[in-house]
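A.B. asks:
2 protein chains.
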Amino acid sequence: MSAASGFQPVPRESTSSLITRQLREGIMYGTLPAGAQLSEAALAAEFGVSRGPLREAMQRLVQEGLVRSELNRGLFVKELDEAEIRDIYLTRTAIETAAARAVAHGDSAAQGAERLRTRAAVMAEAAAAGDLHRLADADFAFHEELVNLAGSPRLHRVHETLMVETRMCMTALQGTYFDPDDQVAEHSRIVEAIASGDDAELVAQIEEHMQEALDRLVRASR
Amino acid sequence: MSAASGFQPVPRESTSSLITRQLREGIMYGTLPAGAQLSEAALAAEFGVSRGPLREAMQRLVQEGLVRSELNRGLFVKELDEAEIRDIYLTRTAIETAAARAVAHGDSAAQGAERLRTRAAVMAEAAAAGDLHRLADADFAFHEELVNLAGSPRLHRVHETLMVETRMCMTALQGTYFDPDDQVAEHSRIVEAIASGDDAELVAQIEEHMQEALDRLVRASR
DNA sequence: CCCGTGAAGATTGTCAACAATCCGGAGATG
DNA sequence: CATCTCCGGATTGTTGACAATCTTCACGGG
Numbered sequence: 001m002s003a004a005s006g007f008q009p010v011p012r013e014s015t016s017s018l019i020t021r022q023l024r025e026g027i028m029y030g031t032l033p034a035g036a037q038l039s040e041a042a043l044a045a046e047f048g049v050s051r052g053p054l055r056e057a058m059q060r061l062v063q064e065g066l067v068r069s070e071l072n073r074g075l076f077v078k079e080l081d082e083a084e085i086r087d088i089y090l091t092r093t094a095i096e097t098a099a100a101r102a103v104a105h106g107d108s109a110a111q112g113a114e115r116l117r118t119r120a121a122v123m124a125e126a127a128a129a130g131d132l133h134r135l136a137d138a139d140f141a142f143h144e145e146l147v148n149l150a151g152s153p154r155l156h157r158v159h160e161t162l163m164v165e166t167r168m169c170m171t172a173l174q175g176t177y178f179d180p181d182d183q184v185a186e187h188s189r190i191v192e193a194i195a196s197g198d199d200a201e202l203v204a205q206i207e208e209h210m211q212e213a214l215d216r217l218v219r220a221s222r
Numbered sequence: 001m002s003a004a005s006g007f008q009p010v011p012r013e014s015t016s017s018l019i020t021r022q023l024r025e026g027i028m029y030g031t032l033p034a035g036a037q038l039s040e041a042a043l044a045a046e047f048g049v050s051r052g053p054l055r056e057a058m059q060r061l062v063q064e065g066l067v068r069s070e071l072n073r074g075l076f077v078k079e080l081d082e083a084e085i086r087d088i089y090l091t092r093t094a095i096e097t098a099a100a101r102a103v104a105h106g107d108s109a110a111q112g113a114e115r116l117r118t119r120a121a122v123m124a125e126a127a128a129a130g131d132l133h134r135l136a137d138a139d140f141a142f143h144e145e146l147v148n149l150a151g152s153p154r155l156h157r158v159h160e161t162l163m164v165e166t167r168m169c170m171t172a173l174q175g176t177y178f179d180p181d182d183q184v185a186e187h188s189r190i191v192e193a194i195a196s197g198d199d200a201e202l203v204a205q206i207e208e209h210m211q212e213a214l215d216r217l218v219r220a221s222r
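Set out below in structure tokens:
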């Protein structure tokens with residue numbers, strides 16, 4: 001059998017991986033609200049598995065910091081107070097700045113900028129249509145793309161968790177209004193900073209964007 | 001009952017937490033060498049527990065990225081090639097830069113700098129004594145302290161894993177010689193940059209230190 | 001009315017056994 | 001001799017049951 005057929009390994013995945021992903025989504029979108037206790041028996045029944053694989057999935061989420069474990073008490077979805085939200089954005093700034101710089105200084109900065117420009121265009125479109133839900137999705141897609149383009153498995157892993165936490169905040173504040181045009185403009189400025197290769201400008205734009213996003217969240221949460 | 005007695009919660013910990021920590025140390029110091037398969041039965045017997053808690057600990061390490069899981073095959077200690085090493089340092093740069101800036105711009109920058117100066121002094125002492133083992137420990141202690149001073153739970157969590165991976169590299173290259181004085185000088189320059197509050201200088205010093213450390217590792221590994 | 005006591009119920013922590021899968025080698029076949 | 005098939009041993013994946021712990025609530029005493 002030839003080995004150069006371009007076939008990929010079959011993406012078989014462990015049960016605990018699948019459960020982890022579903023639980024993570026539940027946390028992200030508020031199906032499992034912050035502070036809620038996660039009953040092993042109930043969830044295991046819902047997934048149609050025994051408690052073993054479910055507990056393994058839980059330990060992953062604990063390690064990720066999305067779930068808090070109290071011995072002999074149970075597992076609880078992590079709650080995010082203002083200090084936590086600030087920490088999320090501090091860490092996001094660190095990760096995304098590194099990612100953006102890697103993209104800007106990498107071999108394919110131009111292609112990267114182009115793909116991000118496309119993402120920003122989707123955001124602008126959603127903003128123009130007044131579709132705030134789609135705008136939020138496009139926003140997340142932009143930041144995911146940014147970190148993916150850096151090609152760093154570690155930045156990606158950390159960022160994945162941070163996006164879940166960010167979305168948790170947004171979900172909790174659902175219905176709050178943010179000015180769409182501001183958001184779109186901030187993302188465009190980031191793209192152009194990447195394209196221009198001006199490092200100081202790039203760092204400044206990302207920091208400003210994160211600061212603005214954080215301010216929007218904090219302002220809305222009180 | 002008064003609540004202001006300064007008592008801390010009893011640090012009871014789950015079995016899987018304890019096992020996770022021990023396995024992590026094993027990976028860090030090469031007791032569990034890179035690429036090795038981790039037999040559930042053997043390890044469970046060694047820890048004196050059943051396979052349940054041990055598997056939970058494993059899932060944590062998988063989530064952390066220290067262990068790779070192959071379905072129906074087993075769990076293996078992650079191997080670090082040159083690309084991985086570069087990624088570790090890319091991420092370390094991101095995390096530690098953010099931490100250092102947080103310290104430098106925070107309320108207690110002076111105290112922070114002082115504590116780091118102490119750590120650097122320990123390094124200098126070890127270097128002067130020619131004790132390379134103690135120098136390496138002091139080096140790690142410096143970076144841990146730096147991130148701790150930032151007071152960010154997320155930066156701390158990510159950094160913890162990165163330090164394990166860094167130590168894995170060092171362990172694999174045990175016996176290689178690095179110029180002690182260079183290392184000491186680099187750390188001192190970081191401390192002084194924090195103390196001075198010069199942001200650009202601080203970022204530059206950390207990047208230079210990381211680049212140097214990475215070069216030392218890569219050079220030694222081939 | 002307030003507080004300590006104790007038992008019931010529910011939930012988590014742990015285990016040992018069973019099922020499914022994979023790897024290696026012996027044997028048959030061309 | 002090469003190759004395919006099949007089987008045994010070993011390892012992982014999953015389960016259901018049991019033990020330990022915590023919470024709740026009713027009860028009785030002060």
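Quick mapping for you: the protein sequence lines, in order, are chains A and B. By the count of the UniProt record's numbering, the first sequence reaches residue 222 at its end, each step adding exactly one. By the count of the UniProt record's numbering, the second sequence reaches residue 222 at its end, each step adding exactly one. Quick reminder that beta carbons are idealized off the backbone N, C-alpha and C, glycines included.
Roughly how many whole angstroms lie between the Cα atoms of Arg117 (chain A) and Arg55 (chain B)?
C.D. replies: The count along the first sequence starts at 1 and reaches residue 117 (chain A) at position 117. The count along the second sequence starts at 1 and reaches residue 55 (chain B) at position 55. Their Cα atoms are separated by approximately 44 Å.
A.B. asks: Note down the Cα distance separating Ser2 (chain B) from Ile95 (chain A), rounded to an integer number of angstroms.
C.D. replies: Counted from its first residue, the second sequence places residue 2 (chain B) at position 2. Counted from its first residue, the first sequence places residue 95 (chain A) at position 95. Summary for Ser2 (chain B): the model assigns pLDDT 41, below 50, so the residue's position carries little reliability; its value from the coordinates is reported in the next sentence. Approximately 43 Å between the Cα atoms of the pair.
A.B. asks: Determine which residues of the segment 141-157 of chain B have a Cβ less than 7 Å from any Cβ of chain A, and write them out in chain order.
C.D. replies: Only those residues of the segment 141-157 of chain B whose C-beta falls short of 7 Å from the nearest C-beta of chain A are listed: Ser152, Pro153, Arg154, Leu155 and Arg157.
A.B. asks: Please confirm whether Val15 (chain A) and Val49 (chain A) have their CB atoms less than 9 Å apart.
C.D. replies: Translated into the one-based positions of the first sequence, residue 15 (chain A) becomes position 15. Translated into the one-based positions of the first sequence, residue 49 (chain A) becomes position 49. Note on residue identity: the sequence assigns Thr, not Val, to residue 15 (chain A). For Thr15 (chain A) and Val49 (chain A), yes; Cβs fall inside 9 Å.
A.B. asks: How long is the line joining the alpha carbons of Asp203 (chain B) and Ala150 (chain B), rounded to whole angstroms?
C.D. replies: To locate residue 203 (chain B), count along the second sequence from 1; it is residue 203. To locate residue 150 (chain B), count along the second sequence from 1; it is residue 150. First, the residue type needs correcting, since residue 203 (chain B) is Val and not Asp in the sequence shown. Rounded to the nearest angstrom, the two C-alpha atoms are 15 Å apart.
A.B. asks: Quick one: Cα of Glu201 (chain A) to Cα of Ala193 (chain A), how far?
C.D. replies: Along the first sequence, read from residue 1 onward, the residue named residue 201 (chain A) stands at position 201. Along the first sequence, read from residue 1 onward, the residue named residue 193 (chain A) stands at position 193. Cα-Cα distance, rounded: 6 Å.
A.B. asks: Please return the same chain residues whose Cβ sits closer than 6 Å to the Cβ of Arg189 (chain A), not counting the five positions on each side in sequence.
C.D. replies: Taking the first sequence and counting its residues from 1, the one referred to as residue 189 (chain A) is at position 189. Taken in chain order, the residues that qualify are Gln205.
A.B. asks: For Gly130 (chain A), which option in A:Arg216, A:Gln183 and A:Thr93 has the closest C-alpha, if you only look at C-alpha atoms?
C.D. replies: Taking the first residue of the first sequence as 1, we reach residue 130 (chain A) at position 130. The residue with the shortest Cα to Cα distance from Gly130 (chain A) is A:Gln183.
A.B. asks: Within a Cβ cutoff of 6 Å, which residues of the same chain sit near Gln37 (chain A), ignoring the five residues on either side of it in sequence?
C.D. replies: Counting from one through the first sequence, the residue named residue 37 (chain A) turns up at place 37. Around Gln37 (chain A): Gly74 and Phe76.
A.B. asks: When you compare the CB positions of Ala104 (chain B) and Gly112 (chain B), do they come within less than 9 Å of one another, or not?
C.D. replies: Taking the second sequence and counting its residues from 1, the one referred to as residue 104 (chain B) is at position 104. Taking the second sequence and counting its residues from 1, the one referred to as residue 112 (chain B) is at position 112. Yes, the Cβ-Cβ distance between Ala104 (chain B) and Gly112 (chain B) is below 9 Å.
A.B. asks: Can you give the Cα-Cα distance for Glu145 (chain A) and His187 (chain A), rounded to whole angstroms?
C.D. replies: In the first sequence, the residue the question calls residue 145 (chain A) occupies position 145. In the first sequence, the residue the question calls residue 187 (chain A) occupies position 187. Distance between the alpha carbons of Glu145 (chain A) and His187 (chain A) is about 12 Å.
A.B. asks: Taking 9 Å as the threshold (beta carbon to beta carbon), is Val62 (chain A) in contact with chain B?
C.D. replies: Within the first sequence, residue 62 (chain A) is the residue found at index 62, counting from 1. Yes, Val62 (chain A) lies at the interface with chain B (some Cβ there is under 9 Å from its Cβ).
A.B. asks: Starting from Arg68 (chain B), follow the beta strand (DSSP E) in both directions and report where the run begins and ends.
C.D. replies: Along the second sequence, one-based indexing puts residue 68 (chain B) at 68. First-last of the beta strand (DSSP E) with Arg68 (chain B): Val67 to Glu70.
A.B. asks: Using CA atoms only, rank isn't needed, just tell me which of B:Arg219, B:Ala220, B:Glu212 and B:Ala136 is closest to Tyr89 (chain B).
C.D. replies: For this step, residue 89 (chain B) is matched to residue 89 along the second sequence. When each option's Cα is compared against that of Tyr89 (chain B), the closest is B:Glu212.
A.B. asks: With DSSP collapsed to three states, give me the class of Gly74 (chain A).
C.D. replies: As a first step, residue 74 (chain A) must be located in the first sequence, where it is residue number 74. In the structure shown, Gly74 (chain A) sits in a strand (DSSP, three-state: E or B).
A.B. asks: Strictly below 7 Å CB to CB, what residues from chain B border Glu56 (chain A)?
C.D. replies: Taking the first sequence and counting its residues from 1, the one referred to as residue 56 (chain A) is at position 56. Going along chain B in sequence order, the residues near Glu56 (chain A) (Cβ under 7 Å) are Arg55, Glu56 and Gln59.
A.B. asks: Could you work out which residues of chain A lie near Ser16 (chain B), taking near to mean beta carbons separated by less than 8 Å?
C.D. replies: In the second sequence, the residue the question calls residue 16 (chain B) occupies position 16. Result: Gln59.
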